[in-house]
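Protein chains in written order, with our numbering: chain A, 1 to 222; chain B, 1001 to 1222.
All residues carry an ideal CB built from backbone N, CA and C; glycine is no exception.
Read through the structure below, which is laid out as structure tokens, and then see the notes.
Number of protein chains: 2
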Amino acid sequence: MTDPNPASLAEETAARLRAQVIAGHLRPGQRLSETRLAADLSVSRNTLREVFRLLTREGLLTHAPNRGVSVAVPSMAGVLDIYRVRRLIEVPALAQAWPRHAAALRMAECVAQARAAREAGDWRGVGSANMGFHAAIVALTDSPRLTAFFAQAMAELRLAFGLLDSPEQLHAPFLQENGAILELLVAGDTAAAAARLADYLDRSERVVMSAFARLENGVTPG
Amino acid sequence: MTDPNPASLAEETAARLRAQVIAGHLRPGQRLSETRLAADLSVSRNTLREVFRLLTREGLLTHAPNRGVSVAVPSMAGVLDIYRVRRLIEVPALAQAWPRHAAALRMAECVAQARAAREAGDWRGVGSANMGFHAAIVALTDSPRLTAFFAQAMAELRLAFGLLDSPEQLHAPFLQENGAILELLVAGDTAAAAARLADYLDRSERVVMSAFARLENGVTPG
DNA sequence: GTGACGGTTTTGTTGAACAATCGGGAATGA
DNA sequence: TCATTCCCGATTGTTCAACAAAACCGTCAC
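Structural data, given as structure tokens:
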């Protein structure tokens, strides 16, 4: 499972930094000094700047001219936007899916993986598996542009999850939902699967938004 | 109308190179030597590499490890994918639009602009106005992510148009269609507007694909 | 004709350097 | 005490020069 691609140092570093950001190791809003971070990551400043360009374009970092880059701060508006994108892409993808598509197998794998992770108490693993499940839904379309765009949006969403108290537990209530959606799909009832997914997204959005609102009230008390 | 933002040299250079690529001044598949292009654009090699990262992520350039970057070569599969994305985004955007949205004004402006350009025989202007019209449709959603993603896809599509003989004339037959869609929207009949747009996209896709197929047959004779 | 080989070119990466800009604190004045 | 101005240090934006590594290309032996 190790990446067989001996990617360039820049991309490799981008992957490392991306992981740090998503894992919450770097707090949103935190400014990233070029010289210091370059030293930490053991790359040159020029290479790090290329990495910054990549991650900025992905939406994980923000870049203010002459003021450097900082970790993007998720906003409620942003989360709302991402859920709209999810609805727009995921629901039609499932509705017009071919039940025996290769991506359906990946969906099944992710469901199993999520259950195993929950048994082990590995909430982070649950979150990853859930993300993979929805990425597989989009992969049903065989559209490289949609899958890339969706992956980017999900990375941003994950950044927002990092702000919440017990982020991965947000996924837990929806675990069985994934299994039900998958069953409807393999049974060929794509319409029902899509409807159930739409409902899933509505409820998930509501949970996340309320947690987010609670957080903002607590963090900015006036 | 000049850009009030004194953007960084990298972004400014990116805009210039992007314009060159879209204008067809650089042919698809052509390799871009870092040293030579850096000299041509009067920027350093490092800055040019940052520009490459940007445009590669936009889909206008492709990057092969240790083999440099080259102008992306549009494929029929790519065009097909882009039209699928267009249908998925544009039609719902129009269907659930608020007829008095600010973007509707921009749509009207683009229609007028396109007509004026056609009168003047400025086919490139017609193409730009048409692109603006559809960008405005997506702007109806108020979703920054969708608009950014859509703009990127349209830039790729424009790159494909650059391959065709009289690219901008492909837009001409659809000029009145834009006006009709706009009228339906301002009249509040968003459902009819969306239906008409869907039909527009189907026909436009067919025209472009056939022109593209003709081209590929002629270019690769064996 | 095919395959190995070596030189040339290009990319990937680093380090140092400098101008431009930003942020903060000191000095000044009311 | 408070506000304004000015200056200095730190950081970013950009360039240049250098070198290792990889790919390209022509040559040569077989």
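Residue burial classification, residue i (beta-carbon count within 10 angstroms, cutoff 16)
{"i": "L185 (chain A)", "result": "buried"}
{"i": "H1025 (chain B)", "result": "exposed"}
{"i": "R206 (chain A)", "result": "exposed"}
{"i": "E1156 (chain B)", "result": "buried"}
{"i": "L105 (chain A)", "result": "exposed"}
{"i": "E119 (chain A)", "result": "exposed"}
{"i": "T1035 (chain B)", "result": "exposed"}
Closer than 9 Å to chain A by CB, residue i
{"i": "E1090 (chain B)", "result": "no"}
{"i": "G1068 (chain B)", "result": "no"}
{"i": "R1124 (chain B)", "result": "no"}
{"i": "A1007 (chain B)", "result": "yes"}
{"i": "L1061 (chain B)", "result": "no"}
{"i": "N1130 (chain B)", "result": "no"}
{"i": "F1149 (chain B)", "result": "yes"}
Coil, strand or helix - residue i by DSSP
{"i": "S70 (chain A)", "result": "strand"}
{"i": "A1015 (chain B)", "result": "helix"}
{"i": "R1045 (chain B)", "result": "helix"}
{"i": "H1134 (chain B)", "result": "helix"}
{"i": "T141 (chain A)", "result": "coil"}
{"i": "W1123 (chain B)", "result": "helix"}
{"i": "A153 (chain A)", "result": "helix"}
{"i": "G1078 (chain B)", "result": "helix"}
{"i": "S1210 (chain B)", "result": "helix"}
{"i": "L1094 (chain B)", "result": "helix"}
{"i": "D1189 (chain B)", "result": "coil"}
{"i": "S955 (chain B)", "result": "In the structure as shown, chain B starts at 1001 and stops at 1222, and residue 955 (chain B) therefore has no counterpart that could be examined."}
{"i": "L163 (chain A)", "result": "coil"}
{"i": "R86 (chain A)", "result": "helix"}
9 Å Cβ cut-off: residues of chain A touching residue i
{"i": "E1205 (chain B)", "result": "Under the 9 Å cutoff, chain A gives no residues; its nearest Cβ is about 14 Å from E1205 (chain B)."}
Within-9 Å CB hit, residue i to chain B
{"i": "V85 (chain A)", "result": "yes"}
{"i": "T2 (chain A)", "result": "Residue confidence is low: T2 (chain A) scores 35 on pLDDT, short of 50, so the model does not pin down where it sits. Its coordinate-derived value is still stated next. Output row for T2 (chain A): interface = no."}
{"i": "T35 (chain A)", "result": "no"}
{"i": "P74 (chain A)", "result": "no"}
{"i": "S143 (chain A)", "result": "yes"}
{"i": "G202 (chain A)", "result": "Note on identity: in this sequence residue 202 (chain A) is Asp, with Gly being the wrong assignment. Taking Cβ atoms only, chain B never reaches closer than 9 Å to D202 (chain A), which makes this a no."}
{"i": "R158 (chain A)", "result": "no"}
{"i": "R31 (chain A)", "result": "no"}
{"i": "N46 (chain A)", "result": "yes"}
Interface residues of chain B facing residue i [CB-CB closer than 8 Å]
{"i": "E50 (chain A)", "result": "R1049, E1050 and R1053"}
Residue i - containing beta strand (DSSP E), residue span
{"i": "L61 (chain A)", "result": "L61 to A64"}
Extent of the continuous alpha helix (DSSP H) run through residue i
{"i": "P1028 (chain B)", "result": "Note, P1028 (chain B): premise wrong, no alpha helix (DSSP H); not H, not E."}
{"i": "L1184 (chain B)", "result": "L1175 to V1186"}
Chain-ordered neighbours of residue i on chain A, where CB pairs are closer than 8 Å
{"i": "A1153 (chain B)", "result": "R145"}
{"i": "D1189 (chain B)", "result": "None at all; the shortest Cβ gap to chain A is about 22 Å."}
Where residue i meets chain B, residues with beta-carbon distance less than 7 Å
{"i": "D81 (chain A)", "result": "S1143, P1144 and R1145"}
{"i": "P65 (chain A)", "result": "S1008"}
Interface residues of chain A facing residue i [CB-CB closer than 7 Å]
{"i": "R1214 (chain B)", "result": "Here the premise fails: no neighbours, minimum Cβ distance about 25 Å."}
Interface residues of chain B facing residue i [CB-CB closer than 9 Å]
{"i": "R16 (chain A)", "result": "Result: empty, since nearest Cβ-Cβ is about 17 Å, beyond 9 Å."}
{"i": "R57 (chain A)", "result": "R1053, L1054, R1057 and E1058"}
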